[in-house]
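The structure appears below as structure tokens.
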Amino acid sequence: MARILVIAHLNHDRIWELTGPLKSGSRVSWGKRETRLGGGGYFTGSPFLALGHKVALVSSLGNDALGETARLELSALGFDMQHVLTRDRGTHITEILLEPSGERTILTPSDGPMRLFRLDGEVDADAAYINCFNPDATIQKALDSTGFVASQFPLSDTSVPRPADLMIGSKGDFPELDDDALWRKALHFCGARLKHLVMTDGTRSITIYDGKQERIVSPTKRAVVKSTIGAGDHFSANLVSALLDGMAIESAASFASKATADWLELRDREPTL
107 MARILVIAHL NHDRIWELTG PLKSGSRVSW GKRETRLGGG GYFTGSPFLA LGHKVALVSS
167 LGNDALGETA RLELSALGFD MQHVLTRDRG THITEILLEP SGERTILTPS DGPMRLFRLD
227 GEVDADAAYI NCFNPDATIQ KALDSTGFVA SQFPLSDTSV PRPADLMIGS KGDFPELDDD
287 ALWRKALHFC GARLKHLVMT DGTRSITIYD GKQERIVSPT KRAVVKSTIG AGDHFSANLV
347 SALLDGMAIE SAASFASKAT ADWLELRDRE PTL
């Protein structure tokens with residue numbers, strides 16, 4: 107198994123289970139509210155651990171009781187926490203409004219604190235996954251010397267470029283862009299190292315593009331669940347793991363899609379989110 111560097115947010119999500127869909131001007135009630143660990147670091151790192159990989163997180167936590175409890179919990183799960191910084195302020199809660207259909211709306215303040223991502227010393231990793239917009243020079247240098255790098259598609263045009271072999275994104279985030287435009291955008295962030303762009307589209311087909319040829323992968327299983335929080339991160343982890351195991355990219359995408367559907371269904375049967 108591989109040692110994987112996961113550069114992504116660690117959040118505390120406050121999830122509001124709404125009793126109906128959000129509608130403009132309406133009043134909506136909620137049935138349950140729960141605060142739990144989330145973010146790309148947690149939701150991508152956890153399946154990597156479950157698949158037998160060693161995972162070093164690169165992120166930050168608040169300097170309060172919530173942050174300290176999260177650090178202990180993540181360490182107990184098996185994460186290498188060396189590169190998880192302690193911020194000079196408390197934990198910021200991410201509000202998530204979850205509709206009965208599984209649709210979710212994420213609320214973050216426009217003036218929220220910028221999360222810092224940097225390495226605390228040297229790293230030795232076989233692969234890396236990055237899902238942040240502001241990796242510093244130490245991270246970029248480490249990625250340059252890492253054998254395989256996958257990046258989540260940055261949503262902001264001001265995001266810092268990062269060398270990566272694989273870009274993973276959602277078509278829903280870029281509805282106005284076709285394959286060629288998405289490829290050019292991915293090249294801007296990843297550089298000449300980029301080999302594949304993988305775009306999911308909810309429960310619909312997955313598109314794989316290499317700048318010349320489009321390949322379509324149809325999911326073999328579609329989950330109908332009350333919450334899809336973390337699904338994209340889970341897909342990314344399983345895709346990267348399958349590629350590291352030597353699977354062809356179409357087979358890896360199919361494997362990751364089914365693994366994510368299985369995970370969503372299993373979680374949906376549990377008493378908590």
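If you read the sequence shown in the working numbering, its first letter stands for residue 107, the second for the next number, and so on. By construction, the Cβ of each residue, glycine as well, lies at the ideal position given by its N, Cα and C atoms. Given the structure is predicted, the values throughout are model-derived calculations rather than measurements.
Task: Candidates Ala359, Phe295, Ala298 and Leu372: closest to Arg321 by CA position - done: Counted from its first residue, the sequence shown places residue 321 at position 215. Nearest option by C-alpha distance: Ala359.
TODO: Please report the Cβ distance between Ala162 and His189, rounded to the nearest whole angstrom; I am assuming they are in contact, meaning their Cβ atoms lie under 8 Å.
DONE: Along the sequence shown, read from residue 1 onward, the residue named residue 162 stands at position 56. Along the sequence shown, read from residue 1 onward, the residue named residue 189 stands at position 83. At roughly 6 Å, the Cβ-Cβ gap stays under 8 Å, so Ala162 and His189 are in contact.
Task: Continuous beta strand (DSSP E) stretch holding Ile335: start and end - done: Here residue 335 corresponds to residue number 229 of the sequence shown, with the count starting at 1. DSSP places Ile335 in no beta strand (DSSP E); its state is neither H nor E.
TODO: Figure out for me which residue from Arg139, Leu222, Gln258 and Leu124 has the closest Cα to the Cα of Asp279.
DONE: As a working note, residue 279 is residue 173 in the sequence shown. Of Arg139, Leu222, Gln258 and Leu124, the residue nearest in Cα terms is Gln258.
Task: Pairwise C-alpha distance: Tyr148 and Leu379 - done: As a working note, residue 379 is residue 273 in the sequence shown. As a working note, residue 148 is residue 42 in the sequence shown. With a pLDDT of only 44 at Leu379, under 50, the local geometry of the prediction cannot be trusted, and the value read off the model is given with reservation. C-alpha separation (whole angstroms): 14 Å.
Task: Rounded C-alpha distance that separates Tyr315 from Asp263 - done: Counting from 1 along the sequence shown, the entry for residue 315 is found at position 209. Counting from 1 along the sequence shown, the entry for residue 263 is found at position 157. Tyr315 and Asp263: Cα-Cα distance of roughly 21 Å.
- [ ] Say whether the segment 281-289 touches the segment 242-254, bearing in mind that this needs 3 or more beta-carbon pairs closer than 8 Å, one atom from each stretch.
- [x] Too few Cβ pairs lie closer than 8 Å, so no.
- [ ] Compare the beta carbon distance of Ile199 and Arg120 with 9 Å and say whether it is the shorter of the two.
- [x] Taking the sequence shown and counting its residues from 1, one reaches residue 199 at position 93. Taking the sequence shown and counting its residues from 1, one reaches residue 120 at position 14. Yes; because the gap between Cβ atoms is below 9 Å, this pair is in contact.
TODO: Using a threshold of 9 Å, state whether the C-beta atoms of Ser333 and Gly208 are closer than that.
DONE: Taking the first residue of the sequence shown as position 1, residue 333 is located at position 227. Taking the first residue of the sequence shown as position 1, residue 208 is located at position 102. A contact, by the Cβ cut-off of 9 Å.
Task: Where Leu225 falls, given that 16 or more other Cβ within 10 Å makes a residue buried - done: Counting from 1 along the sequence shown, the entry for residue 225 is found at position 119. Buried is the call here.
Open item on the list: Quick check: the Cα distance between Glu205 and Thr150, rounded to an integer number of angstroms?
Closed with: Here residue 205 corresponds to residue number 99 of the sequence shown, with the count starting at 1. Here residue 150 corresponds to residue number 44 of the sequence shown, with the count starting at 1. The alpha-carbon atoms of Glu205 and Thr150 are separated by roughly 23 Å.
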